[in-house]
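*Asks:*
Below is the structure:
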């Protein structure tokens with residue numbers, strides 16, 4: 074695979090990331106996640122990725138067991154990078170549009186792979202998937218399920234992804250138009266999300282439209298120096314924490330130590346203190362520009378420091 078991309082911006086974005094995960098009150102942790110700050114180095118010599126600063130991150134929130142989420146983590150690079158054929162072009166827009174289509178196909182191919190016996194994943198097992206790709210100054214978010222991506226722009230929390238739940242009206246309408254039902258807030262009375270990979274016991278035969286789909290929503294954002302960091306987290310975090318609260322926590326931590334790993338741990342710990350009932354996983358991706366790994370302390374939208382008390 075050989076990719077050509079015209080990198081036109083003079084501003085380089087340097088990313089550093091950190092993550093944390095916890096089982097919470099559950100018996101076992103069905104979450105998986107992936108952090109790759111340098112895609113080219115990770116792929117190695119067999120695959121060519123010409124950009125010096127392409128990064129990839131993912132959160133997989135499994136249900137019915139951890140097998141589907143683990144399968145996605147173990148095979149994500151193959152689905153998203155190794156087995157794709159992108160065009161040879163020096164046009165940014167054409168490349169990015171094809172990259173979006175490639176990510177969409179990757180979700181669907183991974184979903185089909187989970188239906189194959191060779192995956193060794195039960196048809197009763199599934200996972201949501203949230204991915205983030207940083208290519209040059211472009212951020213590409215793809216999501217199927219209720220994990221969430223939130224961007225901090227000068228301290229303002231911007232939710233990039235949609236939560237694919239029965240309570241989200243566009244999803245409810247889509248499900249009902251395809252013959253699905255919502256019972257007690259669950260798809261067909263069973264599933265708390267309306268998009269997921271796997272769960273083939275709830276899907277129609279391959280090739281048929283199904284109320285439960287692995288089709289992702291995809292959003293592309295041009296990053297600027299106002300964009301400070303990205304949070305990717307599972308619903309166990311967002312069930313007990315607002316977007317604004319999460320951004321405030323990370324900003325407060327970054328002012329102290331510039332360590333995205335500690336920021337992710339603080340998010341997970343805070344969600345636990347708020348008595349989240351689910352597994353907890355968070356990724357924090359910190360952006361610096363022109364090689365400035367320690368940008369000045371944030372001055373805009375600084376709120377009172379939060380004190381976390383666990384009871």
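Numbering (this note's numbering), first residue to last: 74 to 384.
Yeah, the Cβ is synthetic: ideal placement off N, Cα and C, and Gly gets one too.
#1: Which class does residue 49 belong to by DSSP, given the choice of helix, strand or coil?
#2: Based on DSSP bridge pairs, tell me the residues matched to residue 232.
#3: Counting pairs of beta carbons, one from the segment 253-264 and one from the segment 171-189, are three or more of them closer than 8 Å?
#4: Using a threshold of 7 Å, is the CB atom of residue 102 nearer than that to any non-hydrogen atom of the ligand SAH?
#5: Taking only three categories from DSSP, how would you classify residue 210?
#6: How would you call residue 240, buried or exposed, if buried means at least 16 neighbouring beta carbons within 10 angstroms?
#7: Can you find the residues in the same chain that come closer than 8 Å, C-beta to C-beta, to residue 282, ignoring five residues on each side of it along the sequence?
#8: Which whole runs of the alpha helix (DSSP H) in the segment 94-172 are 4 residues long or more, in chain order?
#9: Identify which residue in 144, 233, 98 and 300 has its Cα closest to the Cα of residue 293.
#10: Would you kindly work out how many angstroms separate the C-alpha atoms of residue 90 and residue 330, rounded to a whole number?
#11: In the structure shown, what three-state DSSP assignment does residue 264 receive?
#12: Quick check on the DSSP output: the alpha helix (DSSP H) that includes residue 308 runs from which residue to which?
#13: Using the rule of at least 16 other Cβ atoms within 10 Å of the residue's Cβ for burial, across every protein chain shown, is residue 299 buried or exposed?
#14: If I'm right that residue 306 touches residue 265 with Cβ under 8 Å, what's the distance once you round it to whole angstroms?
#15: Where residue 339 and residue 322 are concerned, what is the direct C-alpha to C-alpha distance, given to the nearest angstrom?
#16: Can you find the residues in the same chain that come closer than 8 Å, C-beta to C-beta, to residue 116, ignoring five residues on each side of it along the sequence?
#17: What residue range is occupied by the uninterrupted beta strand (DSSP E) comprising residue 345?
#18: In whole angstroms, what is the alpha-carbon distance linking residue 81 and residue 208?
#19: Just verifying my parser: in three-state terms, what is the DSSP assignment at residue 277?
#20: Determine the extent of the alpha helix (DSSP H) in which residue 355 is found, giving its start and end residues.
#21: Quick check on the burial criterion: 16 or more other C-beta atoms within 10 angstroms. Buried or exposed for residue 227?
#22: Consult DSSP for residue 197 and reduce its assignment to one of helix, strand or coil.
#23: What did DSSP end up calling residue 89 once you bin it into helix, strand or coil?
#24: Please report the Cβ distance between residue 219 and residue 201, rounded to the nearest whole angstrom; I am assuming they are in contact, meaning their Cβ atoms lie under 8 Å.
#25: Check whether the segment 241-248 and the segment 308-327 are in contact - that is, three or more C-beta pairs closer than 8 Å.
#26: Using DSSP with H/G/I as helix, E/B as strand and the rest coil, what is residue 189?
#27: Between the Cα of residue 140 and those of 171, 104 and 110, spot the shortest distance and give me the residue it belongs to.
#28: Along the chain, where does the alpha helix (DSSP H) containing residue 321 start, and where does it finish?
#29: If we count the other Cβ atoms within 10 Å of its Cβ and call it buried at 16 or more, is residue 189 buried or exposed?
#30: Between the C-alpha atoms of residue 142 and residue 164, what's the straight-line distance to the nearest angstrom?
*Replies:* Reading from the atomic positions:
#1: Because residue 49 is not part of the residues shown, which for the chain are 74 to 384, the question remains open.
#2: Counting from 1 along the chain shown, the entry for residue 232 is found at position 159. Residue 232 pairs with 223.
#3: no
#4: Here there are no bound small molecules, and the ligand SAH is not part of this structure.
#5: Translated into the one-based positions of the chain shown, residue 210 becomes position 137. Residue state, collapsed to three classes: coil.
#6: The residue labelled residue 240 in the question sits at position 167 within the chain shown. Burial call: exposed.
#7: Within the chain shown, numbered from 1, the residue matching residue 282 stands at position 209. Here the set comprises 251.
#8: 112-116 and 140-150
#9: Here residue 293 refers to the residue found at position 220 when the chain shown is read from its first residue. Selected option, being the one with the closest Cα: 233.
#10: Working through the chain shown from its first residue, we reach residue 90 at position 17. Working through the chain shown from its first residue, we reach residue 330 at position 257. Answer to the nearest angstrom: the Cα atoms are 13 Å apart.
#11: Here residue 264 refers to the residue found at position 191 when the chain shown is read from its first residue. Of the three classes helix, strand and coil, the one that applies to residue 264 here is strand, per DSSP.
#12: Counting from one through the chain shown, the residue named residue 308 turns up at place 235. Residue 308 -> alpha helix (DSSP H) spans 308-311.
#13: For the purposes of this step, residue 299 is identified with residue 226 of the chain shown, where counting begins at 1. The residue in question, residue 299, is exposed, as its Cβ has fewer than 16 Cβ neighbours within 10 Å.
#14: What you label residue 306 is simply residue 233 of the chain shown in a count that begins at 1. What you label residue 265 is simply residue 192 of the chain shown in a count that begins at 1. Not really, about 16 Å apart at Cβ, beyond 8 Å.
#15: In the chain shown, counting from the first residue as 1, residue 339 sits at position 266. In the chain shown, counting from the first residue as 1, residue 322 sits at position 249. About 7 Å.
#16: Residue 116 sits at position 43 when you count from the first residue of the chain shown. Only 122, 150, 154 and 155 meet the Cβ criterion.
#17: If you number the chain shown from 1, residue 345 lands on position 272. Careful: residue 345 lies outside any beta strand (DSSP E), inside the alpha helix (DSSP H) at 333-346.
#18: As a working mapping, residue 81 is identified with position 8 in the chain shown. As a working mapping, residue 208 is identified with position 135 in the chain shown. Annotation note: pLDDT 43 at residue 81 (below 50); position unreliable, coordinate value reported separately. Their Cα atoms are separated by approximately 12 Å.
#19: Here the question's residue 277 lines up with position 204 in the chain shown. Looking at residue 277 - three-state DSSP - the assignment turns out to be coil, as it is neither helix nor strand.
#20: Taking the first residue of the chain shown as 1, we reach residue 355 at position 282. No alpha helix (DSSP H) holds residue 355; the beta strand (DSSP E) holding it covers 353-362.
#21: Translated into positions along the chain shown, residue 227 becomes position 154. Exposed.
#22: Within the chain shown, numbered from 1, the residue matching residue 197 stands at position 124. Three-state result, residue 197: coil.
#23: Walking along the chain shown from the start, residue 89 turns up at place 16. Strand, per DSSP.
#24: Locating residue 219 in the chain shown gives position 146, where the first residue counts as 1. Locating residue 201 in the chain shown gives position 128, where the first residue counts as 1. Going by Cβ atoms, the distance from residue 219 to residue 201 rounds to 6 Å, so yes, they are a contact pair.
#25: no
#26: Taking the chain shown and counting its residues from 1, one reaches residue 189 at position 116. Coil, per DSSP.
#27: To locate residue 140, count along the chain shown from 1; it is residue 67. Among 171, 104 and 110, the Cα nearest to that of residue 140 belongs to 104.
#28: Within the chain shown, numbered from 1, the residue matching residue 321 stands at position 248. Residues 316-330.
#29: Position 116 of the chain shown, counting from 1, holds the residue named residue 189. So residue 189 ends up on the exposed side.
#30: Here residue 142 refers to the residue found at position 69 when the chain shown is read from its first residue. Here residue 164 refers to the residue found at position 91 when the chain shown is read from its first residue. Rounded to whole angstroms, residue 142 to residue 164 spans 35 Å at the Cα level.
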